[in-house]
Amino acid sequence: SAVISQKPSRDICQRGTSLTIQCQVDSQVTMMFWYRQQPGQSLTLIATANQGSEATYESGFVIDKFPISRPNLTFSTLTVSNMSPEDSSIYLCSVGASGATEAFFGQGTRLTVV
Amino acid sequence: AQSVAQPEDQVNVAEGNPLTVKCTYSVSGNPYLFWYVQYPNRGLQFLLKYITGDNLVKGSYGFEAEFNKSQTSFHLKKPSALVSDSALYFCAVRDIFSGNTPLVFGKGTRLSVIA
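Chains P and H, in that order, are what the protein sequence lines are.
Going by my numbering, 66 is the number at position 66 of the first sequence; the sequence numbering is gapless.
Going by my numbering, 1037 is the number at position 37 of the second sequence; the sequence numbering is gapless.
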């Protein structure tokens, strides 16, 4: 299994500002995933972050809005840029989940944009 | 394409009664299937998975799930519900031939166990 530390756990931000979420894993992993969970909804994959290359974004998500860093095999950040109230969500990082392996999740960041 | 359906937004059950949370899936090949639970203000916690072999899989906290290939289902069950089981439950799937692609999640089912 993997232990994932994600911070901040929650934040309230002003619209137009940016927030960077950090994700630290207790072991080296090739891929890290960032998800958004809007209120009352399922998880939506934002992007896949590989160390040493640019993140791969899913349809509807762009690098200018959600820049991702992956400086090494145990750490990643997701920035939510120029925030609006529609960005209010829980953001989750995840590792694992290749083949038959289950995914492991951080505890999530609850973001409220006012 | 892979997909997961959880047909119930909400399941209510009395404490001590058996519970079932439904999940059906669609993959082009054979599936790997997973159940996760999310407690308030927490991330997702892994409960159990089906890879191959016995269709009845046992997992954490007394939960089990039954894989039914003909019905493409993977329902989560527990013989006797506890109030502390109240949470949001997610079913997820990956086609065994899809390599390192992320899991595909259902929309979630909120379980409420009433004392």
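Backbone N, C-alpha and C fix where the C-beta goes; we use that ideal spot for every residue, glycine too.
For residue 1073 (chain H), which three-state DSSP category applies?
strand
Please say whether residue 1037 (chain H) and residue 1089 (chain H) have beta carbons closer to each other than 8 Å?
yes
Taking the alpha carbon of residue 1068 (chain H) as the point to measure from, which residue in H:1055, H:1002 and H:1006 has its own alpha carbon closest?
H:1055
Can you name the residues of chain P whose CB is closer than 7 Å to the CB of residue 1105 (chain H)?
42 and 43
Any beta-carbon of chain H closer than 8 Å to the one on residue 48 (chain P)?
yes
Can at least three beta-carbon pairs, one atom from the segment 83 to 91 of chain P and one from the segment 1065 to 1079 of chain H, be found at a separation below 8 Å?
no
What did DSSP end up calling residue 1013 (chain H) once you bin it into helix, strand or coil?
strand
Cα-Cα separation, residue 30 (chain P) to residue 100 (chain P)
16 Å
Residues that residue 1043 (chain H) contacts on chain P, provided the C-beta gap is smaller than 7 Å:
92, 105, 106, 107 and 108
If you compare alpha carbons, which of P:113, P:32 and P:94 is closest to residue 1043 (chain H)?
P:94
What are the residues of the segment 1087 to 1106 of chain H that lie near chain P, defined by any Cβ-Cβ distance shorter than 8 Å?
1090, 1092, 1094, 1096, 1099, 1100, 1102, 1103, 1105 and 1106
Taking C-beta pairs closer than 7 Å, name the residues in chain P that residue 1108 (chain H) reaches, listed in chain order.
42
Would you check if the distance between the CB atom of residue 1046 (chain H) and the CB atom of residue 104 (chain P) is smaller than 8 Å?
yes
Got a sec? Which residues, its chain only, sit under 7 Å from residue 1007 (chain H) by beta carbon, not counting five neighbours each side?
1022
Cβ contact check for the segment 1095 to 1114 of chain H and the segment 1023 to 1032 of chain H: 3 or more pairs under 8 Å
yes
Thinking C-beta only, is residue 27 (chain P) closer than 8 Å to residue 107 (chain P)?
no
If you follow the beta strand (DSSP E) that residue 71 (chain P) is part of, which residue opens it and which one closes it?
68 to 72
Mark residue 1108 (chain H) as exposed unless 16 or more other C-beta atoms lie within 10 angstroms of its C-beta, in which case mark it buried.
buried
So, with DSSP's three-state summary, where would you put residue 42 (chain P)?
coil
Cα separation between residue 1112 (chain H) and residue 1009 (chain H)?
11 Å
Who are the near neighbours of residue 1105 (chain H) in its chain, counting only those whose CB is closer than 6 Å to its CB and skipping five residues on each side?
1090 and 1092
How is residue 1085 (chain H) classed by DSSP in three states: helix, strand or coil?
helix
So residue 1025 (chain H) contacts chain P; which residues on that side make the cut at Cβ distance below 8 Å?
Correct list: empty, because the minimum Cβ distance to chain P is about 14 Å.
Taking the alpha-carbon positions, what's the residue 1053 (chain H) to residue 1005 (chain H) distance?
23 Å
Beta carbon of residue 1026 (chain H): closer than 7 Å to some heavy atom of the ligand GTP?
Of ligands this structure carries none, so the ligand GTP is not represented either.
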